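Notes follow the structure.
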Amino acid sequence: MTARGASDVTGRSASGLRRTALSGRDDGRDRRDIRQVPGIGGLALGVAAAVLILAWVGSNGYRQTLVTATVTYALIALGMYVPYLMAGSLSMAYGAYAGIGGYAVGLISTRTGLPLLLAWIAGPIVAAVIAVLLGLATRRLSGFFLAAVTLLFGMAFTAFLIDGERITGGSGGLGNLRPLHLFGWTPSHYQVVIGSVVVVCVIAFLLDRLRLSPWGVVVRTMRDAPRAVEAAGVRVPMMNLVALALGAAVAAIGGALFTYSAGSITPDTFTLNIVFLAIFMPLIGGSGTPWGAVAGAVLAVQLTLNFPAIQASGTLLLALGVLFIMLVAPKGVIGYADELRRRAIALPRKGRTHG
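Sequence positions in the sequence shown follow numbering that gives the first Met the number 0 and run 0 to 354.
Structure (structure tokens):
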């Protein structure tokens, strides 16, 4: 064989190896284990719990109402998760943000002939813009002073709804909302409940992915060491504004879903009581993941609304439950369950080691 022939054979062999390696790498990409996707475990458990809850609800109207309340609480708590638990900025204006989403549905339904679907777009956008403006006005405040100012904003928003009778309907609010039409299809109440549960699962999953993303890591680091983050070239005030806008938009979605399901909205629909409950919900379920806010919402609704025997003292039991969980399981119910899972997995390994 000549030197040229040997060179051709060698070149063909090398190119063949490169093609094999590339095809193997592509096959590896195609065979990527879905279990390695960040947040997929929480989504799987959340979907399983959602299926069980929807099966329990069925056609029972009262249970459907409970699920609607749970969805609303969960979305408001998820809205507070990013700025409060990730960024460390406690705002008490989330009742107002949920109200903006609710009144977007009410106003578009009763005052215009626009498609009702636009309310779920306009409400979160308006809430996010107002959250950014409020964040700019309170950018030098933190802790108690920030909570106090945003609490006053929520109270002022309620007063505006009562006084603006020509627009908002005053203390009587807005009612007789028209149904939602999607390309000629009008969903039933149970279908709206299913859609609301799906929305919660999707938002919780996306927030969990966001928490695990580089952006989420920076935000969580910013909460504990803002000066170090500033020294790295990240603008902390801008990150806070983004977190506030995102949280307000999520809370507005919750308000819009509740208003449509209830068929009406008044200035007293989203009170400070909901905001205080939303603060405790992630602590009950587990502050380490957005799914803790969802689990906390389920427990809060069950304690405060679903058990007639303890309904009068449900809030007191909820407060005692938060105290007990903080003492026994600081990571919340989900964190405690995950710790038990790890111990259960570790027990057989220890047995084999000693054996």
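Glycine included, every Cβ here is placed at the ideal spot set by N, Cα and C.
For clarity, every value in this text was computed on a predicted model and none was experimentally measured.
Q. How is L113 classed by DSSP in three states: helix, strand or coil?
A. As a position in the sequence shown, residue 113 is number 114, starting the count at 1. Here L113 sits in coil by DSSP.
Q) Sorted by chain position, which residues of the same chain lie with C-beta nearer than 7 angstroms to L245's C-beta, five sequence neighbours on each side aside? A) Here residue 245 refers to the residue found at position 246 when the sequence shown is read from its first residue. Here the set comprises V81.
Q) Is L322 helix, strand or coil by DSSP? A) For this step, residue 322 is matched to residue 323 along the sequence shown. L322: helix per DSSP, three-state reduction.
(Q) I need the straight-line Cα distance from G87 to A227, nearest angstrom please. (A) Within the sequence shown, residue 87 is the residue found at index 88, counting from 1. Within the sequence shown, residue 227 is the residue found at index 228, counting from 1. Approximately 15 angstroms between the Cα atoms of the pair.
Q) Do the segment 88 to 105 and the segment 140 to 153 touch if we need at least three Cβ pairs shorter than 8 angstroms? A) Short answer: they touch.
Q: Identify, in the order they occur along the chain, each residue of the same chain with its Cβ nearer than 8 angstroms to the Cβ of W290, setting aside the five sequence neighbours on each side.
A: Indexing the sequence shown from 1 puts residue 290 at position 291. G41, L44, G45, A203, D207, G284 and I333, listed in sequence order.
Q) So, using beta-carbon positions, are M221 and M238 closer together than 8 angstroms? A) Numbered from its first residue, the sequence shown carries residue 221 at position 222. Numbered from its first residue, the sequence shown carries residue 238 at position 239. Result yes, Cβ atoms of M221 and M238 sit closer than 8 angstroms.
Q | F143: first and last residue of the uninterrupted alpha helix (DSSP H) it sits in | A | For the purposes of this step, residue 143 is taken as residue 144 along the sequence shown, with counting starting at 1. Per DSSP, F143 belongs to the alpha helix (DSSP H) from G142 to D162.
Q. Whose C-beta lies closer than 6 angstroms to the C-beta of R24 among residues of the same chain, with five residues either side of it excluded?
A. In the sequence shown, the residue the question calls residue 24 occupies position 25. The pLDDT assigned to R24 is 45, lower than 50, so where the model puts this residue is not dependable; a value taken from the coordinates is nonetheless given after this. Within the same chain, R24 has no close Cβ partners at all.
**Q.** Length at least 4, wholly inside the segment 191 to 270: the alpha helix (DSSP H) runs in chain order
**A.** 213 to 223, 225 to 230 and 235 to 261
Q | Euclidean distance between Cα positions of I39 and S170 | A | Taking the sequence shown and counting its residues from 1, one reaches residue 39 at position 40. Taking the sequence shown and counting its residues from 1, one reaches residue 170 at position 171. Approximately 44 angstroms between the Cα atoms of the pair.
Q) Alpha carbon to alpha carbon, how far is L282 from T111? A) Here residue 282 refers to the residue found at position 283 of the sequence shown. Here residue 111 refers to the residue found at position 112 of the sequence shown. Rounded to the nearest angstrom, the two C-alpha atoms are 41 angstroms apart.
(Q) Comparing C-alpha positions only, which one of G78, A155 and A146 sits nearest to A127? (A) Here residue 127 corresponds to residue number 128 of the sequence shown, with the count starting at 1. Answer by Cα proximity: G78.
Q) With DSSP run on the structure shown, which of helix, strand or coil describes L89? A) Indexing the sequence shown from 1 puts residue 89 at position 90. If DSSP states are grouped into helix, strand and coil, L89 belongs with coil.
Q. When we look at the beta-carbon of T157 and count the other beta-carbons within 10 Å, is it buried (16 or more) or exposed?
A. To locate residue 157, count along the sequence shown from 1; it is residue 158. Buried, since its Cβ has 16 or more Cβ neighbours within 10 Å.
(Q) Using only the alpha-carbon positions, how far apart do V274 and A97 sit? (A) By one-based count along the sequence shown, residue 274 stands at place 275. By one-based count along the sequence shown, residue 97 stands at place 98. Cα to Cα, V274 sits roughly 10 angstroms from A97.
Q) To which residues of the same chain is L173 closer than 6 angstroms at the C-beta, ignoring the five residues directly before and after it? A) Sequence index remark: in the sequence shown, residue 173 carries index 174 (1-based). Result list for L173: G105, T109 and I264, in chain order.
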